[in-house]
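To start, the structure under review is shown below, and the notes come after it.
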Amino acid sequence: MLRRNVNIHSPRFHGRRKGHALSKRRQKLMEDVLPRCALVFDKNDGLNATASFGRESSLWLEIGFGAGEHLIDQALKNPNINFIGCEPYINGVATLLSEIERHSINNIRIFNDDVRLLLKKLRRSSIDKIFLLFNDPWPKKRHNSRRLICFETLDELSKIMANGSQILVASDDMNLIRSILNLFYCHHNFFWLANNPDDWKKRYSDSIAT
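Residue numbers are given in numbering that gives the first Met the number 0: position 11 of the sequence shown equals residue 10, and the series is strictly consecutive.
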């Protein structure tokens, strides 16, 4: 038995799930297009990637896609790759759905909830690339514990990432950058690939400005 999953209840989540009211058109997209872009889970609640996409292919994950500009760009550039976009903010999901419909994209599936729920449903070594771009830095010291990247999250990511896979991280908050670099550096399953300052100070070659 397989089931499509559009939304399940999240663990303790910090941040907005919805902003301004959706227009009628975008509400219609949420009702009609989102179910077609939902992931399929098997009877043991694990992700069935083949059923989700209707094919077997390399699987890439973007965590917190915002309005989806980067995800759309990557999906158009890489039509043979299967993409999972994770974003709990409904307005961002609706914007992405609009672009999916406009470009007739069929290689994106959406998980519109806390990514920590999804990580436990992904098969080991199933993800070939992860994008984590400009996630909430939670700059106030008392809110640092709300940051997504912590040792527990890195443990989960290391389980689902294939051998030799990459995670690309970007932020414009220097405190968050320092924290993330330290966490990755101290984790035994991740390796720093930069050879010179330009490798991490500049945007990677395939990125777009968002």
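Each residue gets a CB set at the ideal place from its N, CA and C atoms; glycine is no exception. For clarity, every value in this text was computed on a predicted model and none was experimentally measured.
- By the Cβ neighbour-count rule, residue 201 is exposed, with fewer than 16 other Cβ atoms within 10 Å of its own.
- For the pair residue 80 and residue 57, the CB atoms are nearer than the 8 Å cut-off.
- A direct Cα-to-Cα measurement between residue 193 and residue 176 gives close to 14 Å.
- According to the DSSP assignment, residue 39 belongs to no alpha helix (DSSP H) but to the beta strand (DSSP E) extending over 38–40.
- For residue 179, there is no enclosing beta strand (DSSP E); the residue is part of the alpha helix (DSSP H) that begins and ends at 173–185.
- Scanning 90, 196 and 96 for the CA closest to the CA of residue 19 turns up 90.
- Between residue 94 and residue 157, the alpha-carbon positions lie close to 30 Å from each other.
- Here residue 161 carries a strand assignment [DSSP, helix/strand/coil].
- In the DSSP annotation of this structure, the continuous segment of the beta strand (DSSP E) that includes residue 84 starts and ends at 81–85.
- Buried is the label assigned to residue 128, since at least 16 other Cβ atoms lie within 10 Å of its Cβ.
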